[in-house]
Every structure is written in C-alpha cells, then in structure tokens.
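My numbering numbers the first residue of the sequence shown as 3 and each following residue consecutively.
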Amino acid sequence: MSLRSIEKKIEDGRRLSPDDAVHLFKTDDIFTLGRLADKAARRSSGDRVFFIRNRHINPTNICVNRCRFCAFSRSAKEDGAYEMSLEEITKKASSGSAVEEFHIVGGLHPDWPFEFYMDMLNKLRRRFPAVHIKAFTAVEIDYLSSLSGLGLKKTISLLMEAGLGSMPGGGAEIFSPRVRKKICPEKIPGRRWLTVMRAAHKAGLKTNATMLYGHVETVEDRVNHLLRLRTLQDETKGFNAFIPLAFQPKNTEMGIDSFTSGIDDLKTIAVSRLFLDNFPHIKAYWIMLGEKVSQVALSFGADDIDGTVVEEKIAHMAGGTSGEALEKDALVNLIRKTGKIPVERDSLYNIIKEYA
Ligand code: V47
Ligand code: SF4
Numbered sequence: 003m004s005l006r007s008i009e010k011k012i013e014d015g016r017r018l019s020p021d022d023a024v025h026l027f028k029t030d031d032i033f034t035l036g037r038l039a040d041k042a043a044r045r046s047s048g049d050r051v052f053f054i055r056n057r058h059i060n061p062t063n064i065c066v067n068r069c070r071f072c073a074f075s076r077s078a079k080e081d082g083a084y085e086m087s088l089e090e091i092t093k094k095a096s097s098g099s100a101v102e103e104f105h106i107v108g109g110l111h112p113d114w115p116f117e118f119y120m121d122m123l124n125k126l127r128r129r130f131p132a133v134h135i136k137a138f139t140a141v142e143i144d145y146l147s148s149l150s151g152l153g154l155k156k157t158i159s160l161l162m163e164a165g166l167g168s169m170p171g172g173g174a175e176i177f178s179p180r181v182r183k184k185i186c187p188e189k190i191p192g193r194r195w196l197t198v199m200r201a202a203h204k205a206g207l208k209t210n211a212t213m214l215y216g217h218v219e220t221v222e223d224r225v226n227h228l229l230r231l232r233t234l235q236d237e238t239k240g241f242n243a244f245i246p247l248a249f250q251p252k253n254t255e256m257g258i259d260s261f262t263s264g265i266d267d268l269k270t271i272a273v274s275r276l277f278l279d280n281f282p283h284i285k286a287y288w289i290m291l292g293e294k295v296s297q298v299a300l301s302f303g304a305d306d307i308d309g310t311v312v313e314e315k316i317a318h319m320a321g322g323t324s325g326e327a328l329e330k331d332a333l334v335n336l337i338r339k340t341g342k343i344p345v346e347r348d349s350l351y352n353i354i355k356e357y358a
C-alpha cells in the first residue's frame, strides 16, 4: 500500500479501510496527508470554520470513577473536591457575556440523586429559555440511568423533557478494553458508551464523539476506535462532530511527562477527517491543542474550533497551557488569520452569522 494508492481511493470516492488509516498515521509525509484531509474538509465546509459562543459548567469534580488520566476529579473528602448547589450553577450560568450554549459535564457524584440533574435542567431552561443545553457524557448518562432505575430510553426521554438539547462526546477515551484497563478501569466499557450513544441518537438527540490520544494507546487502537464510531454513525447518523482530545499529562496518575507533538495532533485531525467520512464536522478543540496548532489544524481537515468556553477545568488541571476563554472577537480573528471564513453556529450547526 502506498500513499498514492490511498489518494486514488479517496479520489474515486471509495471508503478507507482500517489498514489505510494505520498507514496514514504512520506516514512521515504530513504534507500529502494534510492536503488530502483539507480537500475532504473543503468538500463539505468550503472555506468555512465554525465556532460557538458557549460556556462550560462543571457542577462537581467529585467522581466515583477516578480515571488515571483525569486530574480534574477528586474523591468526596479530598482537598480540592467541590460540589455546586443549584443556585451556584445558575449563578455561574448567568455570569459573563450571553452565550448560545451551556456545555455541562462533571464527575459521577456518589450522593446526588437523579432529581438533582432534572432540577438543574428545569431550572436552567426556565431561566435561560434561549440557551441550548448540551450536557452529560455517555458515561454520565449511563450513571444517571442507574440512579433513576428507569433504563436508558426512559432516562434520556425524561432528561430531554427537562431541557437536554444534545450531548457532548466525552468519556469515549479509547475503546480498547486493554487500554481502558490501564487508564480508566472503573469506567463503563467502550461498547456501553456506544450503546448509550445509540440510544441517544434513536431518541433524537445529536451528540459528539471524542477520542483521548497520546498516552498508552497504539495507532491500531486509535484506528479501531475510529472504526467503531464510523460503524455506529452509519447506523444512526446521530453524531455531529468528532473531537480528538490531546492527552494533557500533568497531575495525573499516568506517569507520562510529555504532551503530544504538534505533528501527532495534526496527523490525528487529518486521519480522522479522512477515515470518518460520515461525520459532518471535525473539531480542533483549541483548549487542548493550543491556539496555534488549532489554527494549523484548520488546514489539516478541521472545520470547527469549538467556542468561547469561558471557564475550563479538565484540561487546565492537567497542565493545559492555553487560555481558559476566548472572546468572540478573538475567535473570529484567530480563524480569520488562517485565511478561512469564521462562521458563528448554534449547537446543531445552524448558521448564526458568517464573518465574510
Ligand atoms: O471525557 C479528561 C477528557 C473529556 C483529560 O463534545 C482529558 O463538544 C485530555 O469531552 N487530558 C471531557 N483530556 C471533555 C470533552 C469535550 C470537550 C470539548 C468539547 C466537547 C464536545 C467535549 O476530557 C473527558 C475525557 O475524555 N479528559 N482528562 C486529560 N488529562
Ligand atoms: Fe470521572 Fe470523567 Fe474524570 Fe473519569 S474522566 S474521573 S469519569 S470526571
């Protein structure tokens, strides 16, 4: 197999095989890889790059799972553990500039009942009727369904009635059981993550998907992860965006010191764009990639850069060095400087404003 034969396959509109993706990950020719991925991104998004005015809210960092790569979580009585009241969550939601979306994820709290989450959604929806609520990873949804005791389908439908608008893509990590055992032994298996997403999609929720890379996984593990996402997407068409999450190593139990390389970041974006031919969007999450690598990623297949974020804990507690927030104008400039057209979107990728 050669890069040329893969290029020919892409030109002919044929789907890449897992072996093709492994080959792309292993190539040193990042210029060809980038060119192919850029072409694929342009086919669907042209010169447009999406962003959103959003705010992250992490209601608690207390978590029963304690994944080894996670510097954000704490046990209940540990230093630095926190839990927000409903009033504090609402206060957080109302501070700062107006946003289009709340992105709400947190730890699996050992004591909060299902009603707490329902109250949170109801309260936010009543107070901010125009703001889309994107909340709860598939891992949290699984946990909420065990709290409610009502099963996935009913739990998801209750959450939707209370205001849940879509779901973020976290918790996927790497699906391989061998890797999961090393990095997050307490977390639900990859197949359960996929089952939750299937149930969400069938209920009419759009979701994202992620992959945590740059720790102990192999290139083959990454490709297997992507393959399972592509297969589910063929079935449900429920994923909006794929977001590769670059592992941030500080204050974690992984025993790894180094951050991912810029080359690996760009390759991962590019291979994702080419292999996930049924995903509408590939996101270069500026918080984890940094502003500069994210800018370059926009020429390597990414067509989304996430949002204003306002306050970020998960990457920053693990040594993330980007800022925690970017104002809308800064995001517009960041995209503009790459020669692309910034497009403000809502959570479901409807266009709000094009900054031509
Ligand atoms: O599930 C935890 C990851 C995720 C680390 O869907 C880490 O639009 C890197 O999923 N280094 C939460 N990653 C973040 C997430 C996300 C972010 C932005 C947008 C969207 C979206 C989703 O962060 C967790 C976990 O996979 N994570 N610790 C770490 N040390
Ligand atoms: Fe808990 Fe999520 Fe952190 Fe794992 S990644 S410890 S599930 S907050």
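Virtual Cβ for every residue (Gly too), placed ideally from N, Cα, C. Please read these numbers as outputs of a predicted model, since none were measured by experiment.
Residue i: CB within 8 Å of a non-hydrogen atom of ligand 1
{"i": "V107", "result": "yes"}
{"i": "I245", "result": "yes"}
{"i": "D30", "result": "no"}
{"i": "V295", "result": "no"}
{"i": "L214", "result": "yes"}
{"i": "F104", "result": "no"}
{"i": "S173", "result": "It is Gly, not Ser, that sits at residue 173 in the sequence shown. G173: yes, Cβ under 8 Å from ligand 1."}
{"i": "T139", "result": "yes"}
{"i": "S100", "result": "According to the sequence shown, residue 100 is Ala rather than Ser. Not under cutoff, so the answer is no."}
{"i": "P170", "result": "yes"}
{"i": "P251", "result": "yes"}
{"i": "K136", "result": "yes"}
{"i": "N352", "result": "no"}
{"i": "M199", "result": "no"}
{"i": "T233", "result": "no"}
{"i": "T254", "result": "yes"}
{"i": "A95", "result": "no"}
{"i": "I59", "result": "no"}
{"i": "A248", "result": "yes"}
{"i": "A317", "result": "yes"}
{"i": "K184", "result": "no"}
{"i": "K285", "result": "yes"}
{"i": "M290", "result": "yes"}
{"i": "D236", "result": "no"}
{"i": "D267", "result": "no"}
{"i": "D348", "result": "no"}
beta-carbon residue i near ligand 2 non-hydrogen atom, thresh 8 Å
{"i": "N63", "result": "yes"}
{"i": "L67", "result": "Looking at the sequence shown, residue 67 is not Leu but Asn. Flag set: Cβ of N67 near ligand 2."}
{"i": "L146", "result": "no"}
{"i": "G322", "result": "no"}
{"i": "K189", "result": "yes"}
{"i": "F74", "result": "yes"}
{"i": "L149", "result": "no"}
{"i": "F71", "result": "yes"}
{"i": "L110", "result": "yes"}
Pair within 9 Å by beta-carbon distance, residue i and residue j
{"i": "V382", "j": "V24", "result": "The structure shown does not extend to residue 382, since the chain is modelled only from 3 to 358, so the question has no answer here."}
{"i": "D267", "j": "P246", "result": "yes"}
{"i": "V311", "j": "I289", "result": "yes"}
{"i": "G303", "j": "G36", "result": "yes"}
{"i": "I91", "j": "I59", "result": "yes"}
{"i": "N56", "j": "V101", "result": "yes"}
{"i": "R232", "j": "F261", "result": "no"}
{"i": "L161", "j": "L123", "result": "yes"}
{"i": "F27", "j": "V345", "result": "no"}
{"i": "K239", "j": "L350", "result": "no"}
{"i": "F134", "j": "S168", "result": "In the sequence as presented, Phe is not what sits at residue 134; that position holds His. Against a cut-off of 9 Å, the Cβ pair of S168 and H134 comes out as a contact."}
{"i": "E188", "j": "N63", "result": "no"}
{"i": "R275", "j": "A42", "result": "yes"}
{"i": "A320", "j": "N253", "result": "yes"}
{"i": "D279", "j": "L38", "result": "no"}
{"i": "L300", "j": "S324", "result": "no"}
For residue i, the nearest candidate out of the options (CA to CA)
{"i": "K93", "options": "G82, G109, D81, R129", "result": "R129"}
{"i": "S77", "options": "P246, G109, V51", "result": "G109"}
{"i": "G173", "options": "G192, E13, S349, K156", "result": "G192"}
{"i": "E142", "options": "V133, E163, P115, L228", "result": "P115"}
{"i": "V334", "options": "H105, L228, V51", "result": "V51"}
{"i": "S362", "options": "E313, R44, Y357", "result": "Limits of the chain in this structure are 3 at one end and 358 at the other, which puts residue 362 out of reach."}
{"i": "L214", "options": "I354, P187, H227", "result": "H227"}
{"i": "L196", "options": "A205, A211, R182", "result": "A211"}
{"i": "I353", "options": "V298, T340, F53", "result": "F53"}
{"i": "R194", "options": "T139, D305, D236", "result": "T139"}
{"i": "G216", "options": "K184, F249, A243, F244", "result": "F249"}
{"i": "I337", "options": "K315, G321, Y287, Y145", "result": "Y287"}
{"i": "D1", "options": "S75, E80, A137, C65", "result": "Within the shown structure, residues of the chain are numbered from 3 to 358, placing residue 1 beyond reach of any answer."}
{"i": "G165", "options": "K125, K342, K315", "result": "K125"}
{"i": "T34", "options": "N242, S4, Y119", "result": "S4"}
Are three or more beta carbon pairs between the stretch 65-75 and the stretch 326-337 nearer than 8 Å? Below 8 Å, too few C-beta pairs join the stretch 65-75 and the stretch 326-337 to call them touching: fewer than three.
Does the stretch 222-237 touch the stretch 175-182, meaning 3 or more C-beta pairs lie closer than 8 Å? Yes, the stretch 175-182 touches the stretch 222-237.
Check whether the stretch 192-211 and the stretch 154-172 touch, using three or more Cβ-Cβ pairs below 8 Å as the test. Verdict: yes, contact present.
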